[in-house]
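The numbering of the sequence shown is numbering that gives the first Met the number 0, which starts it at 0 and goes up by one. Cβ atoms here follow ideal geometry from the backbone N, Cα and C, with glycine treated the same way. Here the structure is a predicted model, which means the values were calculated and not measured.
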Amino acid sequence: MQILTLGPKFSGSYKIAEKYFPNSIKTPTEKPEDLLNEIIKNKELFALVPIKNPATGVSTSWLQRIINHKAHIWDTLTYSPKLCLASQSREITTIVTTPEYFEMSKDVINKEFKQLRVFQVPDVKNTIEHCLYNKQVAGILPIELSQLLKLESLAENLNNPQESQVTFALINANPNHKIKNKSLIGITFEHSKSTNHLLNILHPFKEHNVEIYNVYSLPQKDKQENQSFCFEIQGDLRQARFRQIKVFLERDLKICQIHELGGQTNMFGQ
0 MQILTLGPKF
10 SGSYKIAEKY
20 FPNSIKTPTE
30 KPEDLLNEII
40 KNKELFALVP
50 IKNPATGVST
60 SWLQRIINHK
70 AHIWDTLTYS
80 PKLCLASQSR
90 EITTIVTTPE
100 YFEMSKDVIN
110 KEFKQLRVFQ
120 VPDVKNTIEH
130 CLYNKQVAGI
140 LPIELSQLLK
150 LESLAENLNN
160 PQESQVTFAL
170 INANPNHKIK
180 NKSLIGITFE
190 HSKSTNHLLN
200 ILHPFKEHNV
210 EIYNVYSLPQ
220 KDKQENQSFC
230 FEIQGDLRQA
240 RFRQIKVFLE
250 RDLKICQIHE
260 LGGQTNMFGQ
């Protein structure tokens, strides 16, 4: 099994691949589009991408990417880093962190290090660069990563692992045919139909006794693009009632396109 992970070798995506798939071939990939293009081109490849975190919740941008590439979610897996505050010295003035890591550790940081400035950066790579190039900067990092970089740990146990879980989706070009209690579907409207017909699609789900747990509005690059939504629904997509709903909405009403994203027994770690 070969798995593409997002970001460098020390990323959360790589760590979760090591945890759940220790015997797999792991290939770090920097850019989301490169990762998605590779798994669509080679249907034997899998990828692990972040789908939910404590800072921003469910990643609608990743759901949109997966739908756009017609990929499928095979499973969702959780990872909870053990965070520390690390630097080259104890003479620090600034803390650098990603939004996700700050959300996980803000209670301790605001209490124990309130005299320091906190500067948020897009990713862990940026945090590392600031720590290595400026001795007055400390970074919020996973403990094992700080040890690998030979940084001094100024404070440990910054986060509660039970409240700091990041959820990753295992994705592939092919659908997973496991039985599921919850599933995700992507629904895409033509731009002109999105406002008028969103409510219309709820009726066939209700008629077939399919519970909708959540509806996520997915981001558009511009106002003229087709509007997409992600529904988190009850049941297994192989059941006849889903075929009936899909045919009714796509062929009979012609108001949307449905993409079966996939899912697992416990979608999004809930």
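Per the C-alpha coordinates, the member of Q114, G138 and E32 positioned closest to P121 is G138. Between I38 and A16, the gap from beta carbon to beta carbon reaches 8 Å or more. Contact annotation: V165 and T126 have beta-carbon atoms that are not nearer than 8 Å. At least 8 Å separates the beta-carbon of K81 from that of P7. Within 10 angstroms of the beta-carbon of L44 lie 16 or more other beta-carbons, which makes it buried. Taking G185 as reference, the option from N208, G262 and S145 with the minimal CA-CA separation is G262. By the Cβ-count criterion, A70 is buried, with 16 or more other Cβ atoms from all chains shown falling within 10 Å of its own Cβ. Going by beta carbons, F230 and I254 fall outside the 8 Å limit.
Between the C-alpha atoms of Y13 and V117 there is a straight-line separation of about 27 Å. In the displayed model, K134 falls within coil according to three-state DSSP, outside both helix and strand. Assignment of beta-bridge partners to Y215 by DSSP yields C229.
Around the beta carbon of R89, a 10 Å sphere encloses fewer than 16 other beta carbons of the protein chains shown; the residue is thus reported as exposed. Beta-bridge analysis with DSSP links N171 to H71.
Short of 7 Å from the beta carbon of L35, and not among the five residues preceding or following it, lie these beta carbons of its own chain, in chain order: R64, H68 and A70. In this structure I24 is exposed. Its beta-carbon is surrounded by fewer than 16 other beta-carbon atoms within 10 angstroms. Judged by DSSP secondary structure, V48 falls within the beta strand (DSSP E) whose first and last residues are L44 to N52. Contact between T187 and N213 is absent: CB atoms are separated by about 17 Å, not below the 8 Å threshold. Pairing K42 with A54, the inter-Cα distance amounts to about 32 Å. When only Cα atoms are considered, K181 and K134 end up about 48 Å apart. Here the C-alpha atom of H176 lies approximately 13 Å from the C-alpha atom of I170.
Of the other Cβ atoms in all chains shown, fewer than 16 fall within 10 Å of the Cβ of A239; this residue is therefore exposed. In the DSSP assignment, P27 falls within the beta strand (DSSP E) that extends over I24 to T28.
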